[in-house]
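Shown next, in structure tokens, is the structure this report addresses.
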Amino acid sequence: MLVRKKITIIEDNKPIAEMYRFKLENEGFEVDLAHTGPSGLQLVKRKKPHLVLLDLKLPHMNGDEVLERMREQDWGKDINVIIAANVSRAYAPKKLSWLDFDEYIVKAHFTPAQLLVVIRNILQQSHSEQGINT
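Residue numbers (this note's numbering): 1 to 134.
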């Protein structure tokens, strides 16, 4: 039985979040959305997705703080994370230099199809490292 990979998108821009959801669901992923930092953190804790697509600028708690809190918890240490930001990495919060994430993308530079390639590569690599066939 093939298990659908779970992805949580934490993005306050609802049209962008829906665009990503549409693409990913059409490619067979199970997708959940959150539009604030705290609701995203709770959703990740509850759903334990294979991957989180995380915006940096979020209401009530920025993405770097969401990531920091995830990594402090056993349930969040090994979840794959893609930071999807509006600024280049050079302008990202300094805290990201010591937080563990898989990829940093600038949203304006990635189409949903290009993002899909990045997601598949990360998930495939993650499962290969765990000795799991994809």
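Note that CB positions come from ideal geometry on N, CA and C, so glycine has one too.
Residue i: first and last residue of the uninterrupted alpha helix (DSSP H) it sits in
i	result
Val-66	63 to 72
Lys-6	No alpha helix (DSSP H) contains Lys-6, which is instead part of the beta strand (DSSP E) from 6 to 10.
Leu-24	14 to 26
Supposed contact pair residue j and residue i - C-beta distance, whole angstroms, cut 8 Å
i	j	result
Glu-27	Leu-116	6 Å
Asp-12	Leu-58	5 Å
Ile-9	Leu-53	5 Å
Val-87	Ile-105	The pair is not a contact, with the Cβ atoms about 11 Å apart (cut-off 8 Å).
Leu-41	Arg-69	6 Å
Lys-5	Phe-29	5 Å
Where residue i falls: helix, strand or coil (DSSP)
i	result
Ile-83	strand
Leu-115	helix
Ala-92	coil
Leu-123	helix
Gly-76	helix
Leu-53	strand
Thr-134	Reliability of the predicted coordinates at Thr-134 is poor, the pLDDT of 42 falling under 50, and no value is obtained from them.
Extent of the continuous beta strand (DSSP E) to which residue i belongs
i	result
Val-106	103 to 106
Query - Three CB pairs or more closer than 8 Å across the segment 62 to 79 and the segment 102 to 113 - result: no
Report task. Kindly confirm or deny that the segment 7 to 18 and the segment 30 to 39 touch, where touching means at least three C-beta pairs closer than 8 Å. Result -> yes
Report task. At 3 residues or longer, and completely inside the segment 24 to 51: list those beta strand (DSSP E) runs for me, N to C. Result -> 30 to 34
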